[in-house]
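The opening position of the sequence shown corresponds to residue 20 in the working numbering, with each subsequent residue numbered one higher. Here a beta-carbon is modelled for each residue, glycine too, at the ideal position from N, C-alpha and C. Small disclaimer: the values here were computed from a predicted structure and weren't measured.
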Amino acid sequence: MKKLALHWKIIIGMVLGIIFGFLMNSVDGGRGFVTDWIAPFGTIFINLLKLIAVPLILASLIKGISDLKDISKIKSMGLRTIGIYIGTTVVAIVIGLSIVNIIKPGEGMPQETIENIKTTYQGNADIMIGKAKVTKEAGPLQALVDIFPSNIFKSFSEPAMLQVIFFALFVGICLLLIPEKKAKPLVDFFDSLNEVVMKMVDLIMLFAPYAVFALMANVIIAFDDTTILVKLLGYAACVVFGLFLMICFYLLLIKVVTKKSPLWFLKEFSPAQLLAFSTSSSAATLPVTMERVEEHLGVDKEVSGFVLPVGATVNMDGTSLYQGIAAVFIMQVIWPEGLTFTNQLVIVGTALLASIGSAAVPSAGMVMLVIVLEAIGFPPELLPIGLALIFAVDRPLDMCRTVVNVTGDATVSMIVAKSLGKLHDNPKPKEWDDNYDKVK
Ligand code: ASP
């Protein structure tokens, strides 16, 4: 019998997890059962993925840079990557703002609903505002300073992704600058480490269908008030529609720029998208994104090793699209006088920066939304109400925007690879048991 493709197994796990979650929601003690006995398996899976993220970035980036054999190539790859990342993010924000201005989901929301939402979610909103304050209080150049670590082991353990990327780039460039004979042992070491970590991804992914079952069941039991969800359906539909358009935009780019089939792309890349959806974290998904992009989509390690870790941290098109829609939606509901053209332009700029600054973890986009709103002079006393308004639907939207975030990274890596002649046809994916017969 033909083996069922991984993405189907994951989809089945997800659907069963959703059904199981609803079932447990309706029986006495069901939620406690999921929290105590099911959710930990999702946590174990995410922990394993996070565990290999740092060694993976280190190994693939150092190996990739040293393989480039040419420092000017690093510069051109870096500039292209950043340029395209900024371009796709601006497209995402413009799509978001267009949709929310045309559909106007926030107009005519009854006062009673606003009050209702406010009382339910005010506490959660205050937590978000508190987190944003910490980010905002830093000086203007703090984000730059934060890229340069003083203790690389601290960067590994936090983990501070941009610092790890900087360190790997630094090591890679220095390996190019020393005689080849001296560089070889270290390059070989990282090459071997890279192989090992990729094999770890294959093994961890065997567990993915069960893990998404646990993750989805846990998400479902967290939804208690479905009546509020229904009231926010218009807003949520705008975000989902915008994200859908963004995926179409990527598929178009893949077709036109890389001349590859969009369906093939979706088939090969879908396990990473499904994991992004289940974990709400592009950082946790990064190892799988890398494995799929290198082994299934044919992007050379030299490119993916740089473009993907950078993308996971700074390129969040789904998040910025969401921030544009959420900011305008909140204004439509509680601060309509703020809806000026200038404010919308400010949203484009700040949402771009906020998506760069957002951590690749669940809910990060909502924290940074505070900064977007403050930039347009949103009345501080209304801020908790504004965030409370969108809190109820944030988790499902976070899951969807994370899918777009990782798809954007994969698309850009293919475009950059194509432009450098590093996109290969007919890649050969490795399986976990390629070498198993020899050692069993
Ligand atoms: N969860 C998103 C990510 O990790 C960030 C966000 O939009 O909250 O990509």
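- Distances between the C-beta of residue 414 and the heavy atoms of the ligand ASP are all 7 Å or more.
- For residue 424, the Cβ falls inside the 7 Å cut-off from some heavy atom of the ligand ASP.
- Taken from the Cβ of residue 238, every heavy atom of the ligand ASP lies 7 Å or farther away.
- Taking the CA atoms as reference points, residue 315 sits about 6 Å from residue 287.
- Taken through DSSP and simplified to helix, strand or coil, residue 318 comes out as strand.
- Secondary structure at residue 358: coil, using DSSP grouped into helix, strand and coil.
- Secondary-structure assignment with DSSP links residue 442 through a beta bridge to 318.
- Judged by DSSP in its simplified three-state form, residue 339 adopts helix.
- The Cβ atoms of residue 216 and residue 74 sit closer than 8 Å to each other.
- If you ignore the 5 residues before and after residue 183, its C-beta comes within less than 7 Å of the C-beta of 73, 76, 77, 174 and 175, all in its own chain and listed in chain order.
- Following the DSSP letters along the chain, one finds residue 173 inside the alpha helix (DSSP H) bounded by residues 171 to 176.
- Within 7 Å of the C-beta of residue 433 there is not a single heavy atom belonging to the ligand ASP.
- The straight-line gap separating the alpha-carbon atoms of residue 351 and residue 120 is approximately 9 Å.
- The three-state reading of DSSP puts residue 404 in helix, counting H, G and I together.
- For residue 384, the Cβ falls inside the 7 Å cut-off from some heavy atom of the ligand ASP.
- Relative to the ligand ASP, the nearest heavy atom lies less than 7 Å away from the CB of residue 380.
- Rounded to whole angstroms, residue 25 and residue 437 show a C-alpha spacing of 27 Å.
- Boundaries of the alpha helix (DSSP H) harbouring residue 304: 301 to 310, taken from the DSSP string.
- Taking a cut-off of 8 Å for Cβ pairs, the region 225 to 245 and the region 28 to 38 touch, as three or more such pairs fall below it.
- Taking 8 Å as the cut-off, the Cβ atoms of residue 418 and residue 296 count as close.
- For residue 446, the closest alpha carbon among the candidates 326, 310 and 22 is that of 310.
- Taking 8 Å as the cut-off, the beta carbon of residue 308 is found closer than this to the beta carbon of residue 428.
- Judged by beta-carbon spacing, residue 321 lies beyond the 8 Å limit of residue 68, meaning their Cβ atoms are not closer than that value.
- Within the region 64 to 142, the complete alpha helix (DSSP H) segments at least 4 residues long are 90 to 122, listed from N- to C-terminus.
- Membership of residue 54 in any alpha helix (DSSP H) is not indicated, and neither H nor E is assigned to it by DSSP.
- Using a 10 angstroms sphere on the CB of residue 457, the tally of other CB atoms stays under 16, which defines it as exposed.
- Between residue 116 and residue 368, the gap from beta carbon to beta carbon reaches 8 Å or more.
- Around the beta carbon of residue 441, 16 or more other beta carbons lie within 10 angstroms, which makes this residue buried.
- About 6 Å separates the Cβ atoms of residue 357 and residue 395, confirming a contact at the 8 Å cut-off.
- For residue 297, the shortest separation between its Cβ and any heavy atom of the ligand ASP does not lie below 7 Å.
- A straight line joining the alpha-carbon of residue 398 with that of residue 36 spans about 41 Å.
- By a beta-carbon distance limit of 8 Å, residue 147 contacts residue 385. Their separation comes to about 6 Å.
- About 15 Å separates the Cβ atoms of residue 405 and residue 416, ruling out a contact at the 8 Å cut-off.
- For residue 171 against residue 272, the beta-carbon gap comes to about 36 Å, at or over 8 Å, which does not count as contact.
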